[in-house]
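Q:
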Amino acid sequence: MAIKEIKMPNLGESVTEASVVSWIVKPGDTVKRYDPLMEVVSDKVTTEIPSDFAGVVKETLVELDVDVPIGTSLMTLEVEGEDDSTQEVEEVKEEVKEEVIASSPAPKAKKSVNKAAGRFSPAVVRLAQEKGIDLNDVEGTGKDGRITRKDIMNFDPAKVVQSEPVVEETVIKVEETTTAPKSETAAPVATSPASQDVVPADGVRKAIAKKMVQSVNEIPHAWIMVEADVTNIVNLRNKTKDEFKKNEGMSLSFFPFFAKAVVQAMKKNPKINTSWDNGNIVYHKDINLSIAVTTDEHLYVPVIHNADNLSLAGITKEINRLATDVRDGKLQGKDMQGGTFTLNNTGTLGSVQSMGIINHPQAAILQVESINKRIVPTKDGGFKTADMVNLCLSIDHRILDGQQAGQFLRDVKENLANFSSESDIY
1 MAIKEIKMPN LGESVTEASV VSWIVKPGDT VKRYDPLMEV VSDKVTTEIP
51 SDFAGVVKET LVELDVDVPI GTSLMTLEVE GEDDSTQEVE EVKEEVKEEV
101 IASSPAPKAK KSVNKAAGRF SPAVVRLAQE KGIDLNDVEG TGKDGRITRK
151 DIMNFDPAKV VQSEPVVEET VIKVEETTTA PKSETAAPVA TSPASQDVVP
201 ADGVRKAIAK KMVQSVNEIP HAWIMVEADV TNIVNLRNKT KDEFKKNEGM
251 SLSFFPFFAK AVVQAMKKNP KINTSWDNGN IVYHKDINLS IAVTTDEHLY
301 VPVIHNADNL SLAGITKEIN RLATDVRDGK LQGKDMQGGT FTLNNTGTLG
351 SVQSMGIINH PQAAILQVES INKRIVPTKD GGFKTADMVN LCLSIDHRIL
401 DGQQAGQFLR DVKENLANFS SESDIY
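Note that full-length UniProt numbering has the sequence shown beginning at 1, numbered continuously upward.
1. Could you tell me the alpha carbon to alpha carbon distance between residue 431 and Ser253, rounded to whole angstroms?
2. Please state whether the Cβ-Cβ distance between Met266 and Ile233 is less than 8 Å.
3. Within 8 Å of any Cβ in chain D, is that where the Cβ of Pro9 sits?
4. Just to check my reading of the structure: Thr274 and Ile399 have Cβ atoms closer than 8 Å, yes? What is that Cβ distance to the nearest angstrom?
5. Applying the 10 Å Cβ sphere with the 16-neighbour rule, what's the burial state of Gly279?
6. Three or more C-beta pairs closer than 8 Å, one from the stretch 290 to 298 and one from the stretch 318 to 332: is that the case here?
7. Using 8 Å for Cβ pairs, my map puts Ser73 next to Leu61. What's the rounded Cβ distance?
8. Which residues bound the beta strand (DSSP E) around Leu322?
9. Under a three-way DSSP split, which group does Met153 fall into?
10. Quick one: what's got a C-beta closer than 7 Å to Ile375's C-beta in the same chain, skipping five residues either side?
11. Which residues in the same chain have their Cβ closer than 7 Å to the Cβ of Pro377, if we skip the five residues on either side of it in sequence?
12. Among residues of its own chain, excluding the 5 on either side of Trp23, which ones have a beta-carbon nearer than 7 Å to its beta-carbon?
13. Kindly indicate which residue of Lys159, Leu127, Ala158 has the alpha-carbon position closest to the one of Ile152.
14. What do you get for Lys268, buried or exposed, if any count of 16 or more other CB atoms within 10 angstroms of its CB means buried?
15. Alpha carbon to alpha carbon, how far is Asn154 from Leu322? Give it in angstroms, no decimals.
16. To the nearest angstrom, how far is it from the Cα of Glu369 to the Cα of Gln403?
17. If I'm right that Ala307 touches Val263 with Cβ under 8 Å, what's the distance once you round it to whole angstroms?
18. Considering Phe383, what are the terminal residues of the beta strand (DSSP E) in which it resides?
19. So Gln337 is in the beta strand (DSSP E); what residue range does that whole segment cover?
20. Is the Cβ-Cβ distance between His360 and Glu218 less than 8 Å?
21. Starting from the C-beta of Gly347, find all residues in its chain whose C-beta is less than 6 Å away, skip the five residues before and the five after it, and write them out in chain order.
22. Provide the residue span of the beta strand (DSSP E) that contains Lys267, from first to last.
23. Going by the DSSP bridge assignment, what does His221 pair with across the sheet?
24. With a threshold of 16 other CB atoms inside 10 Å of the CB of Ser423, please say whether the residue is buried or exposed.
25. To the nearest angstrom, how far is the alpha carbon of Ile147 from that of Met1?
26. With the cut-off set at 8 Å, would you say Gly356 and Val301 are in Cβ contact?
27. Just to confirm, are residue 450 and Asp67 a CB contact at a threshold of 8 Å?
28. In three-state terms, what does DSSP make of Asn344?
29. Considering only their Cβ atoms, is the gap separating Pro256 from Ile304 smaller than 8 Å?
30. Closest to Val20 by CA distance: which of Ile6, Glu318, Val389, Lys32 is it?
31. Over the uninterrupted alpha helix (DSSP H) stretch that includes Lys241, give me the two end residues.
32. Sorted by chain position, which residues of the same chain lie with C-beta nearer than 7 Å to Leu390's C-beta, five sequence neighbours on each side aside?
33. Going by beta carbon distance, what residues of the same chain come within less than 8 Å of Gln214, once the five residues before and after it are set aside?
34. Where do the ends of the alpha helix (DSSP H) carrying residue 432 lie?
35. Thinking just about the alpha-carbon of each residue, which of Asn415, Val412, Ile358 is nearest to the one in Ser394?
36. For Ala222, which residues from the same chain have a beta carbon less than 6 Å from its beta carbon, with the 5 sequence-adjacent residues on both sides left out?
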């Protein structure tokens, strides 16, 4: 008998630590080669760690949701027919590439046939989507009925038995009651456990929660808002969007105009592009713009690297590529690394005012709210109809004060006002 160690694999370039978010097996379980053992997550990239051989799970060695360095021993297995020595498991780099989080929502459940329904690993979801398999038709053989990739590979749709829909009869019972004086104050309604559904957060949600708590706990936030007249951008975009789509094969939205204006302002205000590090202010030479992309379930923040080297059209293409990769579940780990400032397009949700939580360890985040027509005064004392937008900036008050924040927003407004011709797009 030999004891084998399962170690935290290399999850990609520049990734130094990760955490186990769920155990798929427990001590005493017998596992076959390639059976999934656990799920790990690092910086929103998650993967299942498979077993490299058959054996019996001996013990788990780390706590859930605790970051550990790459190479840390996570689990031991007892293996028959091996020398009585402890050996390391080879890293599973090829698995990592496959397991970038699938952002597409899992297939909707038609019926629940296993305990793990609604809680599937990204690899299982993607594999099922590729094969056109409804996960709710698959019987899981993993822990608590969890569906594994092996279950998907062995699934035979012809064996699925279609059951007749069951119509539940609803019985309404009417009781006669005597009239009693009603209390003017309604009694609080007790919530019983039966009226609640408790679902464990998945790995991505836990990673988001961890990042948000870290940001709020470590960064003293301050917030400032200005309004900007973007009538010229609305006119320019409406004038050029059809030709742009014809030439570039993608839509021209308003967001790239704001991204370009922000990057230009960051060049003029380098203190915005910084991080706090143990009493030091780190000035980043590259301007790597993080952008918020949402799916039905999660929020992702991919990065436009060296955004200051791109034209408005180039930024548009990068935004389109990253957003498409997020929604297709093809985003790579390198696209999530190295952001130095975050731009969030909350306007797509109809928001007109919001305070963003800074993406740790960055120094600021800018929320671009929705564009709305308003009646505004003119310099000559009259009024005009204008397309107005609110720009909401959250700053790390350890690094930035109102003076720097106000100057940065003033430059963003000026840059937005300078878009006037088709040549500005390229």
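Where a beta carbon is used, it is the ideal one built from N, C-alpha and C, also for glycine.
A: Let's see:
1. It is not possible to answer for residue 431, since the shown part of the chain is limited to 1 through 426.
2. On the sequence shown, residue 266 is found 266 positions in, with the first residue counted as 1. On the sequence shown, residue 233 is found 233 positions in, with the first residue counted as 1. Judged by their CB atoms, Met266 and Ile233 are not nearer to each other than the 8 Å cut-off.
3. As a matter of chain content, chain D is missing from the structure shown, which is built from one protein chain.
4. Along the sequence shown, one-based indexing puts residue 274 at 274. Along the sequence shown, one-based indexing puts residue 399 at 399. With 8 Å as the limit, Thr274 and Ile399 qualify as a contact, their Cβ atoms being about 6 Å apart.
5. Here residue 279 corresponds to residue number 279 of the sequence shown, with the count starting at 1. Result: exposed.
6. Put simply, the stretch 290 to 298 touches the stretch 318 to 332. At least three CB pairs are less than 8 Å apart.
7. Here the question's residue 73 lines up with position 73 in the sequence shown. Here the question's residue 61 lines up with position 61 in the sequence shown. Yes, Ser73 and Leu61 are in contact; Cβ-Cβ is about 5 Å, under 8 Å.
8. Within the sequence shown, residue 322 is the residue found at index 322, counting from 1. Counting along the chain, Leu322 sits inside no beta strand (DSSP E); it lies in the alpha helix (DSSP H) bounded by residues 312 to 328.
9. For the purposes of this step, residue 153 is taken as residue 153 along the sequence shown, with counting starting at 1. Three-state result, Met153: helix.
10. To locate residue 375, count along the sequence shown from 1; it is residue 375. Correct list, in chain order: Phe383, Thr385.
11. Reading the sequence shown from its first residue, position 377 is the one you call residue 377. Around Pro377: Phe383.
12. On the sequence shown, residue 23 is found 23 positions in, with the first residue counted as 1. So the list reads Met38, Thr60, once near-sequence residues are dropped.
13. Position 152 of the sequence shown, counted from the first residue, corresponds to residue 152. With respect to the C-alpha of Ile152, the residue from Lys159, Leu127, Ala158 having the closest C-alpha is Leu127.
14. Taking the sequence shown and counting its residues from 1, the one referred to as residue 268 is at position 268. Exposed is the call here.
15. As a working mapping, residue 322 is identified with position 322 in the sequence shown. As a working mapping, residue 154 is identified with position 154 in the sequence shown. Their backbone Cα atoms lie some 33 Å apart in a straight line.
16. Looking up residue 369 in the sequence shown gives position 369. Looking up residue 403 in the sequence shown gives position 403. Rounded to the nearest angstrom, the gap between the Cα atoms of Glu369 and Gln403 is 22 Å.
17. The residue given as residue 307 occupies position 307 in the sequence shown. The residue given as residue 263 occupies position 263 in the sequence shown. Indeed, because the Cβ distance is near 5 Å, the residues count as touching under 8 Å.
18. Taking the sequence shown and counting its residues from 1, the one referred to as residue 383 is at position 383. That run of the beta strand (DSSP E) goes 383 to 396.
19. Walking along the sequence shown from the start, residue 337 turns up at place 337. Segment: none, Gln337 is in no beta strand (DSSP E) and carries neither H nor E.
20. Here residue 360 refers to the residue found at position 360 of the sequence shown. Here residue 218 refers to the residue found at position 218 of the sequence shown. Yes, the Cβ-Cβ distance between His360 and Glu218 is below 8 Å.
21. By one-based count along the sequence shown, residue 347 stands at place 347. Hits under 6 Å: Val368, Glu369, Ser370.
22. Numbered from its first residue, the sequence shown carries residue 267 at position 267. For Lys267, no beta strand (DSSP E) run applies; the uninterrupted alpha helix (DSSP H) run containing it begins and ends at 255 to 268, by DSSP.
23. Residue 221 sits at position 221 when you count from the first residue of the sequence shown. Residue pairing by DSSP places His221 opposite Asp396 in a beta bridge.
24. On the sequence shown, residue 423 is found 423 positions in, with the first residue counted as 1. Counting C-beta atoms within 10 angstroms of its own C-beta, Ser423 has fewer than 16 neighbours from the protein chains shown and is therefore classed as exposed.
25. What you label residue 147 is simply residue 147 of the sequence shown in a count that begins at 1. What you label residue 1 is simply residue 1 of the sequence shown in a count that begins at 1. Between Ile147 and Met1, the alpha-carbon positions lie close to 30 Å from each other.
26. Here residue 356 refers to the residue found at position 356 of the sequence shown. Here residue 301 refers to the residue found at position 301 of the sequence shown. No.
27. Since the first residue of the chain shown is 1 and the last is 426, residue 450 is not available in this structure.
28. As a position in the sequence shown, residue 344 is number 344, starting the count at 1. DSSP places Asn344 in strand when its eight states are reduced to three.
29. Position 304 of the sequence shown, counted from the first residue, corresponds to residue 304. Position 256 of the sequence shown, counted from the first residue, corresponds to residue 256. The beta carbons of Ile304 and Pro256 sit no closer together than 8 Å.
30. For the purposes of this step, residue 20 is identified with residue 20 of the sequence shown, where counting begins at 1. Of Ile6, Glu318, Val389, Lys32, the residue nearest in Cα terms is Ile6.
31. For the purposes of this step, residue 241 is identified with residue 241 of the sequence shown, where counting begins at 1. Its alpha helix (DSSP H) spans residues 231 to 248.
32. The residue you call residue 390 lines up with position 390 of the sequence shown. Just to set this straight, residue 390 is Asn in the shown sequence, not Leu. Result list for Asn390: Met225, Glu227, Val352, Gln353, Glu369, in chain order.
33. Counting from one through the sequence shown, the residue named residue 214 turns up at place 214. Short of 8 Å from the beta carbon of Gln214, and not among the five residues preceding or following it, lie these beta carbons of its own chain, in chain order: His360.
34. In the structure as shown, the chain begins at 1 and stops at 426. Residue 432 is therefore absent and cannot be evaluated.
35. Position 394 of the sequence shown, counted from the start, is the residue given in the question as residue 394. Out of Asn415, Val412, Ile358, the CA that lies nearest to the CA of Ser394 is found in Ile358.
36. Walking along the sequence shown from the start, residue 222 turns up at place 222. Ile395, His397, listed in sequence order.
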